[in-house]
Amino acid sequence: MAVGSMTAFLTVSVLLLLVPGADWAYAISAGLRDRSVIPAVGGLMLGYAALTVVVVAGVAAIVAGTPSLLTALTVLGAGYLLWLGVATLRRPAVPGTAPEAPAGLPPSRVLLQGAGTSGLNPKGLLLYLSLLPQFVDRHGTWPVAVQTGTLGVLHVAACGVVYLGVGTLARRVLRARPSVARTVSRLSGVAMVGIGAFLLVERVAVV
């Protein structure tokens with residue numbers, strides 16, 4: 000597989016990751032709420048790793064060719080974002096709480112929520128279903144599955160770097176500003192609700 004193809008895909012991957020969306024909202028919320036952003040970022044990476052496995056196994060091609068299944072996944076992802084956004088609005092994260100206060104959610108739950116957020120993220124589905132195959136050389140010396148897996152791993156690694164930076168920066172910048180942190184947390188919740196609602200309306204309009 001040509002290094003140029005991997006570099007081009009990584010560039011596109013990073014540019015997409017730098018666009019604020021549901022993953023950003025979740026990383027920021029976790030950065031403000033939890034002792035460490037690693038479980039949240041690990042969850043986001045796990046979701047994209049699962050999508051990589053799905054693409055390598057060829058399931059993604061079936062999903063892309065079945066509009067009803069793609070619609071169902073989009074609706075499921077939108078509903079999940081709505082639920083997560085409402086939960087964030089009900090309990091906005093504020094760093095710097097008293098030591099005796101609960102330290103956010105259990106890491107295992109944070110990990111699973113992160114995996115659900117990225118694994119059902121329409122932007123991620125777009126990347127894996129539409130963009131990634133364009134960088135695969137079907138006449139190259141590497142098997143298609145190996146090329147696909149390599150590109151998927153590159154995206155997972157980029158996801159870890161970008162979202163670790165987003166969550167850590169949010170935590171460090173807003174740690175001493177509880178009122179601002181609460182506002183940012185609520186905005187993250189609003190963003191998740193807004194994205195989820197938009198996806199539902201758009202999908203209903205298509206159907």
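Residue 134 in numbering that gives the first Met the number 0 sits at position 135 of the sequence shown; the count goes up by one each step and never skips. Beta carbons: idealized from backbone N, C-alpha and C, even for Gly. Quick caveat: nothing in here was measured; it's all calculated off a predicted structure.
At least one CB of chain C closer than 8 angstroms to the CB of residue i: is that the case?
i	result
VAL13	Reference to chain C is not applicable here, since this structure consists of a single protein chain.
Suppose contacts are defined by Cβ-Cβ distances below 8 angstroms. Is residue i in contact with residue j by that definition?
i	j	result
SER187	THR116	no
LEU125	PHE8	no
VAL54	LEU131	yes
Three-state secondary structure (DSSP) at residue i?
i	result
ASP22	helix
SER117	helix
PRO105	coil
PRO98	Low confidence applies here, because PRO98 scores a pLDDT of 37, under 50, leaving its location unreliable; read the following figure in that light. The answer is coil: DSSP assigns PRO98 none of H, G, I, E or B.
ARG34	coil
Report all residues from its chain with a CB closer than 7 angstroms to the CB of residue i; omit the five preceding and five following residues, and keep chain order.
i	result
ALA39	TYR25, ALA26, ALA29, ASP33, VAL109, GLY113, GLY166
TYR47	SER117, GLY123, HIS154, VAL155, CYS158
LEU163	VAL36, VAL40
Whose C-beta lies closer than 6 angstroms to the C-beta of residue i among residues of the same chain, with five residues either side of it excluded?
i	result
LYS122	GLY20
VAL13	ALA157
Given a threshold of 16 other Cβ atoms within 10 Å of its Cβ, counted over all protein chains shown, does residue i qualify as buried or as exposed?
i	result
ALA56	exposed
GLN133	exposed
LEU43	buried
GLY41	buried
LEU17	exposed
GLY151	buried
The alpha helix (DSSP H) with residue i in it runs from where to where?
i	result
HIS1	Reading off the sequence shown, one finds Ala at residue 1, where the question assumed His. Element bounds for ALA1: n/a, residue is neither H nor E.
Looking only at its chain, what residues have a beta carbon closer than 8 angstroms to the beta carbon of residue i, apart from the 5 residues adjacent to it on each side?
i	result
ARG170	GLY30, LEU31, VAL36, PRO94
VAL189	GLY84, LEU88
GLY3	none
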